[in-house]
Ligand SMILES: Nc1ncnc2c1ncn2[C@@H]1O[C@H](COP(=O)(O)OP(=O)(O)O)[C@@H](O)[C@H]1O
Ligand SMILES: [Mg+2]
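Numbering (the numbering used here), first residue to last: 317 to 570.
The structure is reproduced here in structure tokens:
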């Protein structure tokens, strides 16, 4: 047990148990390449901890590209994304380079290491945006506005460096609200070859999508669609700080 009260199982022990399959999900046998990559990355133990249960083990999350586990590395708790053996990408190299670029703008969890089959990154502790919004705890309109503004600023920073996140339509699943504010996750669909559309996609997803928008209405965040479309169009043609600020002014009635 470590100082946080969680118990970690050593990688050596995992490899001797049926749980070794987690490292090759949804396959059955973890190959030598993965075992040596884990050793090179310095992963020493894995925690049976997280909101998602897979093969009788608690994980931080599961997507179409990866299974994310809480692991121990140099005594720290860190998130490990394990490339699914049925993933469409043959390696996590592209995702690693996209996350590295996002990190230059202080966006996304900090990348701490990577190999073809694994990404090591900061463990983002908090609740997914949707759960946070639906939570029974009381948050103020000011906190909500601050979180939404921070998310839009992160999208703006990504637009500025020419990185299209590619998954912001489902921002509910791809942002975790921490005590420091929201963090954007999952750069598996990110690209620098498409024209970035982060601010426009995120704005639409937050304010007019079917999942989050209805939860914002009681807090008076229900901007008129027509003027917003006009400002989004301007922003799209001239993605400057000024046109972005003008969009925020309209969205938050500032
Ligand atoms: N750094 C992290 N810290 C905490 N949870 C994470 C982290 N990265 C991913 N997760 C969780 O794991 C889930 C799957 O990760 P994701 O990167 O979206 O995988 P995929 O590319 O397969 O969709 C996320 O939706 C999130 O809940
Ligand atoms: Mg995902």
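Just so you know, even glycine gets a beta-carbon here, dropped at the ideal spot from N, CA and C.
Keep in mind that this is a model prediction, so the values were computed, not measured.
- In the structure shown, residue 501 adopts coil according to DSSP, grouped into three states.
- The closest heavy atom of ligand 1 lies 7 Å or more from the beta carbon of residue 348.
- The shortest CA-to-CA distance from residue 568 to any of 365, 483, 519, 413 is the one to 519.
- Taking residue 327 as the centre and dropping the five residues before and after it, the same chain places the C-beta of 354, 359, 360, 361, 362 closer than 7 Å to its C-beta, in chain order.
- Look at residue 538: its beta carbon is at least 7 Å from all of the heavy atoms in ligand 2.
- For residue 553, the enclosing alpha helix (DSSP H) starts and ends at 541-553.
- Taking 7 Å as the cut-off, one finds no heavy atom of ligand 2 near enough to the beta carbon of residue 451.
- In the DSSP annotation of this structure, the continuous segment of the alpha helix (DSSP H) that includes residue 350 starts and ends at 348-357.
- Membership of residue 492 in the beta strand (DSSP E) is indicated by the continuous run 491-494.
- Nearest in C-alpha terms to residue 531, of all of 498, 437, 445, 430, is 445.
- With a threshold of 16 other beta carbon atoms within 10 Å, residue 333 falls short and is exposed.
- Inter-segment contact for the stretch 463-471 and the stretch 390-403 is absent: fewer than three beta-carbon pairs are separated by less than 8 Å.
- Taking a 10 Å sphere around the C-beta of residue 541, we find fewer than 16 other C-beta atoms and assign the residue as exposed.
- Bounds of any alpha helix (DSSP H) do not take in residue 373; it lies within the beta strand (DSSP E) bounded by 373-375.
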